[in-house]
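A.B. asks: First the structure, then my questions, so here it is.
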Amino acid sequence: MQYKFPKNFLWGAATAAHQVEGWNHNDWSEWEKENASRLAENTENNISSYTRRWKLPDYIKNSYPSPFSPENYISGRACDHYNRFREDFDIAKSLGHNSHRFSIEWSRIEPEEGRWDEKEIAHYQEVINALRERGIEPFVTLWHWTLPVWVAKQGGWENKKTIGNFARYAEKIVESYPEVKFWITLNEPEIYTMNSYLRGKRPPQKKSFFKFLKVYRNLAEAHKKVYIIIHPTWVSDTQVGIAKNNSYFEGWLAPILNYLWNNWFLNKIKNHQDFIGLNYYFHNRIKGFKYNQNENKWVSDPVWDGNFWEIYPEGIYHVLKDLKKHNKPIYITENGVADARDVYREKFIKEHLRWVHKAISEGTDVRGYFYWSLLDNFEWDSGFAPRFGLVEMNYRTMERQIRQSAYAYAKIARENSVTA
Ligand code: IFM
């Protein structure tokens, strides 16, 4: 069956500054130095329990950097995308992408409070130009989880002052690149807040429900402030949104979780967004008082890559249908799988797109799809082990190798249709 997508549909991939650029200095790079050994040890311990259940595949044992070594958890030069962005965009172009999502690193632009680094502003201008020259539409994220060290020292998003500082940085950026049409203010505010303030797993590793709520609200305020700055001062067709990670919930708690996790933030900013960015990865079936009672039917062996996430393509359809009530265009700003062997990726993409198509055919206004990610990259506290890329990274040589699934996705992009 062939599923045709609407005219002018955007096809691309996404990245984030800290995960690909290399040599960033921010709250994460500081945290990595202090936590790399602990993370390596934890992996060693967890893996032994995994291996009791599943035979540890050789590709993990032999991967570089090893998930059991501290260097895996230091972003370091990452993919050196800061220097190789042109090469990477050549690849994206050769794969038929007509759009690309990336983020600007606040700590490069404003390394000290109130001091703009003009060299870095010029750098991102080159990045934007490089995309435009290749006929690729930029979607620019202003904040993808990392903070300048000086902001973190002032309390990060717990401190209301950060809202003003972020707005000033955003104004500087938006003013610098008036040709950008699509701005994403924040990436996954709910995942950030949960991991950093509720579970206490990621910087600044706090565990407080009160702080969690405070940060979540401050992020919503920050978004609204930036929206007001961008509108109506700048070019009238500028579009502003966030990238929201929504899950498909099932079971008796689904309505409550759907409201709290999927819609609370969107309702809070409802008069301050032109589009909704959806990052879809998760399905969560609740049985009794147990979460994640998912059947994992889609794959029979674990797609290891360090996460054991269930693959549930149908979920994207339900999440999209739910978002329809907000009456905004939707861009799928992330959807992807960590699959080093590239066994599942092609089918993963096709199946998700089939469900996206169904949502569109039933009236949901979806206008683009960004696969996560263009390249394998630094997956936060899991380090380099999970391989999400359409393009495989050799972290020893920095060589890029296009995966077979990337060609399958290229065909979809070029034909503006999926055969599944
Ligand atoms: O790598 C992350 C990204 O930074 C945010 N969304 C989910 C991706 C995969 O975990």
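Numbers 43 to 462, taken from my numbering, label the letters of the sequence shown in order. We treat Cβ as the ideally placed atom computed from N, Cα and C, and that holds for glycine. All values derive from a computational prediction rather than experimental measurement.
1. Going by CA-CA distance only, name the one from I372, A285, Y359 and N201 that's closest to A56.
2. Given D407, which residues of its chain have a CB within under 7 Å of its CB, disregarding the five upstream and five downstream residues?
3. What is the rounded straight-line gap between the Cα of E63 and the Cα of D418?
4. Can we count A58 as close to the ligand IFM, meaning its CB is less than 7 Å from some heavy atom?
5. With H142 as the anchor, note down where its alpha helix (DSSP H) starts and where it stops.
6. Give the straight-line distance between the Cα atoms of R126 and Y437, rounded to the nearest whole angstrom.
7. Label N270 either buried or exposed according to how many other C-beta atoms from any shown protein chain fall within 10 Å of its C-beta, with 16 as the threshold for buried.
8. Going residue by residue through the region 239-280, where are the continuous alpha helix (DSSP H) segments of at least 4 residues, counting only ones entirely within it?
9. Beta carbon of K329, beta carbon of G293: below 8 Å?
10. Which whole-angstrom value describes the C-beta separation of V282 and T227, a residue pair presumed to lie in contact below a C-beta threshold of 8 Å?
11. Is I311 helix, strand or coil when you go by DSSP?
12. If the criterion is Cβ atoms closer than 8 Å, does the pair S111 and A134 meet it?
13. Look at the alpha carbon of N87 and the alpha carbon of F254, and state the distance between them as a whole number of angstroms.
14. Sort F252, E160, L189 and K363 by Cα distance to N300 and report the nearest one.
15. Just confirm the distance between the C-beta atoms of K249 and E200, as a whole number of angstroms; I'd bet it's less than 8 Å.
16. Following a CB-centred definition, is N66 positioned closer than 7 Å to any heavy atom of the ligand IFM?
17. Examine the ligand IFM and report whether any of its heavy atoms sits within less than 7 Å of the Cβ of F430.
18. Find the nearest neighbour of A382 within the set E388, H368, F430 and L308, judged by alpha-carbon distance.
19. With a threshold of 7 Å (Cβ to nearest heavy atom), would N326 be considered close to the ligand IFM?
20. Determine the DSSP secondary structure at N287, reduced to helix, strand or coil.
21. What do you reckon, is the C-beta of N288 under 7 Å from a heavy atom of the ligand IFM?
22. What does DSSP give as the partner residue(s) for T183 in the beta ladder?
23. Under the criterion of a Cβ to heavy atom distance below 7 Å, does N114 qualify as lining the ligand IFM?
24. Any heavy atom of the ligand IFM closer than 7 Å to the CB of Q61?
25. By the 10 Å Cβ neighbour count, where 16 or more other Cβ atoms means buried, how is Q44 classified, buried or exposed?
26. Hey, would you say W187 sits closer than 8 Å to E155, going by beta carbons?
27. Between the beta-carbon of E393 and the beta-carbon of P428, is there less than 8 Å?
28. So the candidates are A448, E441 and E217; which of them puts its Cα closest to the Cα of F390?
29. Using only the alpha-carbon positions, how far apart do K202 and N288 sit?
30. Hey, would you say the C-beta of N229 is under 7 Å away from at least one heavy atom of the ligand IFM?
31. Quick one: measure Cβ to Cβ for R456 and G198, integer angstroms, because I've assumed they're closer than 8 Å.
32. Using a Cβ-Cβ cutoff of less than 7 Å, which residues in the same chain neighbour E74 once the five nearest sequence positions on both sides are dropped?
33. Can you name, in chain order, every residue of its own chain whose Cβ lies under 8 Å from the Cβ of D159, other than the five neighbours on each side?
34. Report the partner residues of Q44 according to the DSSP bridge assignment.
35. Less than 8 Å between the beta carbons of V361 and L320, yes or no?
C.D. replies: This is what the structure gives:
1. Counting from one through the sequence shown, the residue named residue 56 turns up at place 14. It is A285 whose Cα lies nearest to the Cα of A56.
2. Position 365 of the sequence shown, counting from 1, holds the residue named residue 407. Counting only Cβ-Cβ distances below 7 Å, and skipping sequence neighbours, we find P371 and I372.
3. As a first step, residue 63 is located in the sequence shown; it is residue number 21 there, counting from the start. As a first step, residue 418 is located in the sequence shown; it is residue number 376 there, counting from the start. If you draw a straight line from the Cα of E63 to the Cα of D418, it comes to about 12 Å.
4. Mapped onto the sequence shown, residue 58 falls at position 16. It does: the Cβ of A58 is within 7 Å (strictly closer) of some heavy atom of the ligand IFM.
5. Working through the sequence shown from its first residue, we reach residue 142 at position 100. No alpha helix (DSSP H) contains H142, which is instead part of the beta strand (DSSP E) from S141 to S145.
6. Indexing the sequence shown from 1 puts residue 126 at position 84. Indexing the sequence shown from 1 puts residue 437 at position 395. Here the alpha carbon of R126 sits roughly 14 Å from the alpha carbon of Y437.
7. Counting from 1 along the sequence shown, the entry for residue 270 is found at position 228. At residue 270 the sequence reads Ile, which differs from the Asn that was named. Exposed, since its Cβ has fewer than 16 Cβ neighbours within 10 Å.
8. 251-272
9. Sequence index remark: in the sequence shown, residue 329 carries index 287 (1-based). Sequence index remark: in the sequence shown, residue 293 carries index 251 (1-based). In contact: K329 and G293 (Cβ atoms closer than 8 Å).
10. Counted from its first residue, the sequence shown places residue 282 at position 240. Counted from its first residue, the sequence shown places residue 227 at position 185. A Cβ-Cβ distance of about 7 Å is found for the pair V282 and T227, placing them in contact under the 8 Å criterion.
11. For the purposes of this step, residue 311 is identified with residue 269 of the sequence shown, where counting begins at 1. In the structure shown, I311 sits in coil (DSSP, three-state: anything other than H, G, I, E or B).
12. Taking the sequence shown and counting its residues from 1, one reaches residue 111 at position 69. Taking the sequence shown and counting its residues from 1, one reaches residue 134 at position 92. For S111 and A134, no; Cβs fall outside 8 Å.
13. Here residue 87 refers to the residue found at position 45 of the sequence shown. Here residue 254 refers to the residue found at position 212 of the sequence shown. Each residue's Cα considered, the two are about 29 Å apart.
14. Within the sequence shown, numbered from 1, the residue matching residue 300 stands at position 258. Of F252, E160, L189 and K363, the residue nearest in Cα terms is K363.
15. Counting from 1 along the sequence shown, the entry for residue 249 is found at position 207. Counting from 1 along the sequence shown, the entry for residue 200 is found at position 158. Actually they do not touch by this definition, with Cβ atoms about 13 Å apart.
16. By 1-based counting over the sequence shown, the position of residue 66 is 24. No, the beta carbon of N66 sits no closer than 7 Å to any heavy atom of the ligand IFM.
17. Locating residue 430 in the sequence shown gives position 388, where the first residue counts as 1. Checking every heavy atom of the ligand IFM against the Cβ of F430, one is found closer than 7 Å.
18. For this step, residue 382 is matched to residue 340 along the sequence shown. Nearest C-alpha to A382: F430.
19. As a first step, residue 326 must be located in the sequence shown, where it is residue number 284. N326 Cβ: outside cutoff for every heavy atom of the ligand IFM.
20. On the sequence shown, position 245 is the one that residue 287 refers to. If DSSP states are grouped into helix, strand and coil, N287 belongs with the strands.
21. On the sequence shown, position 246 is the one that residue 288 refers to. It does not: the Cβ of N288 is nowhere closer than 7 Å to a heavy atom of the ligand IFM.
22. Taking the sequence shown and counting its residues from 1, one reaches residue 183 at position 141. DSSP output for T183 lists S145 and I226 as bridge partner(s).
23. Your numbering for residue 114 matches position 72 in the sequence shown. False, no ligand heavy atom lies under 7 Å from that Cβ.
24. The sequence position of residue 61 within the sequence shown is 19, counting from 1. At least one heavy atom of the ligand IFM is nearer than 7 Å to the Cβ of Q61, so yes.
25. Position 2 of the sequence shown, counted from the first residue, corresponds to residue 44. Exposed, since its Cβ has fewer than 16 Cβ neighbours within 10 Å.
26. As a first step, residue 187 is located in the sequence shown; it is residue number 145 there, counting from the start. As a first step, residue 155 is located in the sequence shown; it is residue number 113 there, counting from the start. No, Cβ-Cβ distance for W187 and E155 is not below 8 Å.
27. Position 351 of the sequence shown, counted from the first residue, corresponds to residue 393. Position 386 of the sequence shown, counted from the first residue, corresponds to residue 428. No; because the gap between Cβ atoms is not below 8 Å, this pair is not in contact.
28. Reading the sequence shown from its first residue, position 348 is the one you call residue 390. Among A448, E441 and E217, the Cα nearest to that of F390 is on A448.
29. Here residue 202 refers to the residue found at position 160 of the sequence shown. Here residue 288 refers to the residue found at position 246 of the sequence shown. Going by the C-alpha atoms only, they are around 26 Å apart.
30. Position 187 of the sequence shown, counted from the start, is the residue given in the question as residue 229. N229: yes, Cβ under 7 Å from the ligand IFM.
31. The residue you call residue 456 lines up with position 414 of the sequence shown. The residue you call residue 198 lines up with position 156 of the sequence shown. At roughly 43 Å, the Cβ-Cβ gap does not stay under 8 Å, so R456 and G198 are not in contact.
32. Reading the sequence shown from its first residue, position 32 is the one you call residue 74. Answer for E74: Y115, I116 and S117, listed in chain order.
33. Position 117 of the sequence shown holds residue 159. In the same chain as D159, and ignoring 5 residues on each side of it, the C-beta atoms closer than 8 Å to its own belong to R150, I151, E152 and P153, in chain order.
34. In the sequence shown, the residue the question calls residue 44 occupies position 2. Note: Q44 sits in a beta bridge opposite T461.
35. To locate residue 361, count along the sequence shown from 1; it is residue 319. To locate residue 320, count along the sequence shown from 1; it is residue 278. Contact flag set, yes.
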